[in-house]
Every structure is written in C-alpha cells, then in structure tokens.
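Engineer: Structure provided below as structure tokens; questions to follow.
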Amino acid sequence: MRVLAPHEARYDVNLRPAATARVWLGAGQAHETVAVPGVALGYNDALVAVELSTICGSDVHTVAGHRSAPAPLVLGHESVGRIIALGEHGVKSVDGVELRLGDRVVWSVTVSCGECDRCTAGFTQKCRTLAKYGHERIGPRWELTGGFASHVHLRAGTAIVRVPEALPSAVLAPASCATATAWAAVSRGAAGRPLEGVRVLVYGAGLVGLSAVAIAADAGAQVTVIDPSAQRRAFAERFGGTAATAPMAPADIVIEASGHAVADAIAAADVGGTAVLVGSVFPADRVPFDAEDAVRRLLTIAGVHNYTGRELAAAAGFLTGTGRAYPFAEVVGEVFALAEVDEAIAAASAPGAPLRVAINPR
0 MRVLAPHEAR YDVNLRPAAT ARVWLGAGQA HETVAVPGVA LGYNDALVAV ELSTICGSDV
60 HTVAGHRSAP APLVLGHESV GRIIALGEHG VKSVDGVELR LGDRVVWSVT VSCGECDRCT
120 AGFTQKCRTL AKYGHERIGP RWELTGGFAS HVHLRAGTAI VRVPEALPSA VLAPASCATA
180 TAWAAVSRGA AGRPLEGVRV LVYGAGLVGL SAVAIAADAG AQVTVIDPSA QRRAFAERFG
240 GTAATAPMAP ADIVIEASGH AVADAIAAAD VGGTAVLVGS VFPADRVPFD AEDAVRRLLT
300 IAGVHNYTGR ELAAAAGFLT GTGRAYPFAE VVGEVFALAE VDEAIAAASA PGAPLRVAIN
360 PR
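Structure follows, in structure tokens:
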C-alpha cells in the first residue's frame, strides 16, 4: 500500500461533524470508534458517505481470528454510498464518465496502479502495489479505509461505478464483492461462448453461489445448485436454479463457491468442461488431484479471486437490469447501527444467519 506523501495531498476536506469509523483491534477485542475530522484527498481521490455496508464472510473470519489481518483495521468492503467530495483533477467511473458530487456509487474492493505488468495484462486485482478496502491497516492520510464507517476515502486506482437511485441499497452493497466475484466466475467458465443451454453446476448457495446461479440462468444456462441447507436450496430455486443434494449429471461448467467441495466440483465436470474455483479463500485441507484424469477429460481448472473494474460494472449492470427479476433484496436480514458493529458481526456468524447482515451508519 502506498500512502500519499504530504505534498501529494492536494485537497483537504473538513468534516463537521467528524467522520467516524469502527476500528477492529484484534481477535477477541471489541471495536473502538475513531473520529476523523478531516480527509486529505489526492488529485484523483473521492470521499463517499456510506449509505449501507454488508458483512461479508471474510469479515467474520477476520474477527474470529481465522485469517490474518493488520490491526488496527476498518473492516468492510461491501458498500454503497454517495460522493461528497472529489480531488482537484476529478474522478472517472469505469465507463469513462466524469463523476460528480451527489453520484450514488459502488466501488471495487481493490486499489490498483494500472501501470504494472499485472495491471496491463488485465489482472488489476493482483496489482504489484495492491491495496484493499477493509483489509488495510489504517494510517496517516488514509484512516477511512473500510466500509464499517460513516465515510470511505476512495483512492486513485479504485474502480467506481454509478448506480441508480431506485435500486435498494441492500441489493447494491454486496455488488462490490459477492455479485462482481460471481460475474467473474461465470465469465471465466463461459470463456466467451453463449450460455444458452449450457449445463452449469454451482456448489454452495451462499451469496456468491446464488449470484452465479442467477447470472448463468439469466443467460439461458441450465443451472443446478448444490447445498446442504434445505432452506438455501429452496431460496436458490427463486434465483433460477434447480436445487439438488448431489450432481444429477456431469456439467459443462462447475462453479465451486463454498470452499468445501473442490474435489467434488472437479469430478463433476464433463469431458471438455471447466471447473471454476472461487470459494477457496480460507485455509483448508489439501485436495488430492488426479492429473491423468484431468488430462483424459480435457478439463480446464480455473481460479477466480476478486474481479476487474469491467466485471464490477457488468455485475452492477445486471443488478440494475434483468437482475431485478431475482430476490436480491431479500438477502439482507438484520440491519444494525454503526455503533453496533460487534453485535452485527455476532449475528452474521450465528448458525442459520441470513446471507447478509447490514450496517447503516446514518
């Protein structure tokens, strides 16, 4: 992470009342409130007032101590908000349009330089100098680094997408993680071919899995979703999938969105099929791999982690278009105040928790 030097911070924004952020100090410790009375925006930075943030599974894993993170840290990377300040040189959205004060936006989890070999190769989410909202230790001139706050300081190199006023915040907030990741996974599996009539199998009816089901079904695929929860299987059918507890036939594209069924996902791909692994973002047991079987079945095994700005824009476009036909607004259960972050995370980690618990900072 590259923090702006003092001579690079060109526009000071004074906030009255001060912005507030809930800061995670480490596993087993309660969040504390930090007041941020001013933000120093770089030339192409933006300041966003958060409308709603949702709690991702990675936030829960971090607080539980299951994944390493640099404290003190402002968690949260699924948010929707409104631009209240812009740097001197302005900021453009992913589609190249100048953003304006008052625009309602979602933004990428990643901050990329756009110039390194990975960025120029199209892997902006793996930038050599990558920074990530909700994952970075807070520091001078970049305190508002995550969504569990009243405001987020968006750095140059963030993919920003304008979104319509009419769409519920509960639909839009998860776009910058679950929906965009699902779009990337389906796109990787499709590899540019039309999905009409293609057999797609999705393991895991969490929000990434359900989003992948809806995206693929909307494109004409025959989608089956596997999940051990009867409640989630029933919900998945409302997203266009056929629910099952085991594969009914080999699939052309298999998307593993749970992290717990990697071997099964690879085994379920038909000859010439593609297995897209997207759920393995936490430590787990190693998976045995039969290279001869993969060779003889002509398999493609692809990993997807995060997404590009174009994929975020496409995911937001889906939600604002044909995605309205699916019950994305129902994925958010309880909504907590910003001061209740610890209670919100406890609710999100409880057995039988809704797909998303939200935090409203207003």
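Counting from 0, one number per residue, gives the positions in the sequence shown under numbering that gives the first Met the number 0.
By construction, the Cβ of each residue, glycine as well, lies at the ideal position given by its N, Cα and C atoms.
Helix, strand or coil: how does DSSP classify residue 3 here?
Structural biologist: By one-based count along the sequence shown, residue 3 stands at place 4. Because the pLDDT of residue 3 is 49, which lies under 50, any placement of that residue in the model is unreliable, and the question is left without a value.
Engineer: Out of 152, 138 and 54, which has the shortest C-alpha to C-alpha gap to residue 43?
Structural biologist: As a first step, residue 43 must be located in the sequence shown, where it is residue number 44. Selected option, being the one with the closest Cα: 152.
Engineer: What whole-angstrom Cβ distance do residue 19 and residue 39 have, given they're in contact under 8 Å?
Structural biologist: Along the sequence shown, one-based indexing puts residue 19 at 20. Along the sequence shown, one-based indexing puts residue 39 at 40. No, residue 19 and residue 39 are not in contact; Cβ-Cβ is about 18 Å, not under 8 Å.
Engineer: Going by the DSSP bridge assignment, what does residue 12 pair with across the sheet?
Structural biologist: As a working note, residue 12 is residue 13 in the sequence shown. BP columns for residue 12 point to 38.
Engineer: Between the region 202 to 209 and the region 225 to 243, do at least 3 Cβ pairs fall closer than 8 Å?
Structural biologist: yes
Engineer: Contact defined as beta carbons within less than 8 Å: I believe residue 48 pairs with residue 134. What is the distance between those atoms, to the nearest angstrom?
Structural biologist: On the sequence shown, position 49 is the one that residue 48 refers to. On the sequence shown, position 135 is the one that residue 134 refers to. Between residue 134 and residue 48 the Cβ distance is about 21 Å, and since that is not below 8 Å, they are no contact.
Engineer: Under three-state DSSP, which class holds residue 230?
Structural biologist: Residue mapping note: residue 230 aligns to position 231 of the sequence shown, counting from 1. Correct three-state label for residue 230: helix.
Engineer: Given a threshold of 16 other Cβ atoms within 10 Å of its Cβ, counted over all protein chains shown, does residue 206 qualify as buried or as exposed?
Structural biologist: To locate residue 206, count along the sequence shown from 1; it is residue 207. Its Cβ being crowded by 16 or more others within 10 Å, residue 206 is buried.
Engineer: Do the region 272 to 285 and the region 70 to 90 touch if we need at least three Cβ pairs shorter than 8 Å?
Structural biologist: no
Engineer: If you reduce the DSSP assignment to three classes, tell me which class residue 124 lands in.
Structural biologist: Within the sequence shown, residue 124 is the residue found at index 125, counting from 1. It is helical.
Engineer: Quick check on this structure: which residue in 347, 274, 180 and 325 has the alpha carbon closest to the alpha carbon of residue 63?
Structural biologist: Taking the first residue of the sequence shown as 1, we reach residue 63 at position 64. Looking at the Cα atoms, 347 is the closest of the given residues.
Engineer: Grouping DSSP H, G and I as helix and E and B as strand, with all else coil, what is residue 44?
Structural biologist: Here residue 44 refers to the residue found at position 45 of the sequence shown. Reduced to three states, the DSSP call for residue 44 is coil.
Engineer: Does residue 209 pass the burial test, meaning 16 or more other C-beta atoms within 10 Å, or should it be called exposed?
Structural biologist: For the purposes of this step, residue 209 is taken as residue 210 along the sequence shown, with counting starting at 1. Buried: at least 16 other Cβ atoms inside 10 Å.
Engineer: So, helix, strand or coil for residue 197, using DSSP?
Structural biologist: Counted from its first residue, the sequence shown places residue 197 at position 198. Looking at residue 197 - three-state DSSP - the assignment turns out to be coil, as it is neither helix nor strand.
Engineer: So does residue 160 have its beta carbon nearer than 7 Å to some heavy atom of the ligand ZN?
Structural biologist: As for the ligand ZN, it is missing from this structure, which has no ligand bound.
Engineer: In the structure shown, what three-state DSSP assignment does residue 276 receive?
Structural biologist: Here residue 276 corresponds to residue number 277 of the sequence shown, with the count starting at 1. In the structure shown, residue 276 sits in a strand (DSSP, three-state: E or B).
Engineer: Nearest-angstrom Cα distance between residue 344 and residue 61?
Structural biologist: Within the sequence shown, numbered from 1, the residue matching residue 344 stands at position 345. Within the sequence shown, numbered from 1, the residue matching residue 61 stands at position 62. Answer to the nearest angstrom: the Cα atoms are 10 Å apart.
Engineer: Measure the C-alpha to C-alpha separation of residue 57 and residue 331 and round it to an integer number of angstroms.
Structural biologist: Along the sequence shown, read from residue 1 onward, the residue named residue 57 stands at position 58. Along the sequence shown, read from residue 1 onward, the residue named residue 331 stands at position 332. Rounded to the nearest angstrom, the two C-alpha atoms are 16 Å apart.
Engineer: For residue 11, count the other beta carbons within 10 Å of its own beta carbon; 16 or more makes it buried, fewer makes it exposed. Which is it?
Structural biologist: Working through the sequence shown from its first residue, we reach residue 11 at position 12. Residue 11 comes out exposed.
Engineer: Does DSSP classify residue 138 as helix, strand or coil?
Structural biologist: If you number the sequence shown from 1, residue 138 lands on position 139. Here residue 138 sits in strand by DSSP.
Engineer: Using the beta-carbon count (16 or more within 10 Å), is residue 362 buried or exposed?
Structural biologist: Examination of residue 362 is not possible in this model, given that the chain is present from 0 through 361 alone.
Engineer: According to the neighbour-count rule (16 or more other Cβ atoms, all chains shown, within 10 Å of its Cβ), is residue 163 buried or exposed?
Structural biologist: For the purposes of this step, residue 163 is taken as the residue at position 164 of the sequence shown. Per the 10 Å Cβ criterion, exposed.
Engineer: Counting only the same chain and skipping the five closest in sequence on each side, list residues whose C-beta sits under 6 Å from that of residue 325.
Structural biologist: Along the sequence shown, read from residue 1 onward, the residue named residue 325 stands at position 326. Within the same chain, and ignoring the five residues on either side of residue 325 in sequence, the residues whose Cβ sits closer than 6 Å to its Cβ are 213 and 238.
Engineer: Within the same chain, show all residues whose beta-carbon is closer than 6 Å to that of residue 3, passing over the 5 residues directly before and after it, in chain order.
Structural biologist: Locating residue 3 in the sequence shown gives position 4, where the first residue counts as 1. Caution is warranted here: a pLDDT of 49 is assigned to residue 3, below 50, making its placement in the model unreliable, and no coordinate value can be reported.
Engineer: Taking buried to mean at least 16 other C-beta atoms within 10 Å of its own C-beta, is residue 321 buried or exposed?
Structural biologist: Taking the sequence shown and counting its residues from 1, one reaches residue 321 at position 322. Exposed.
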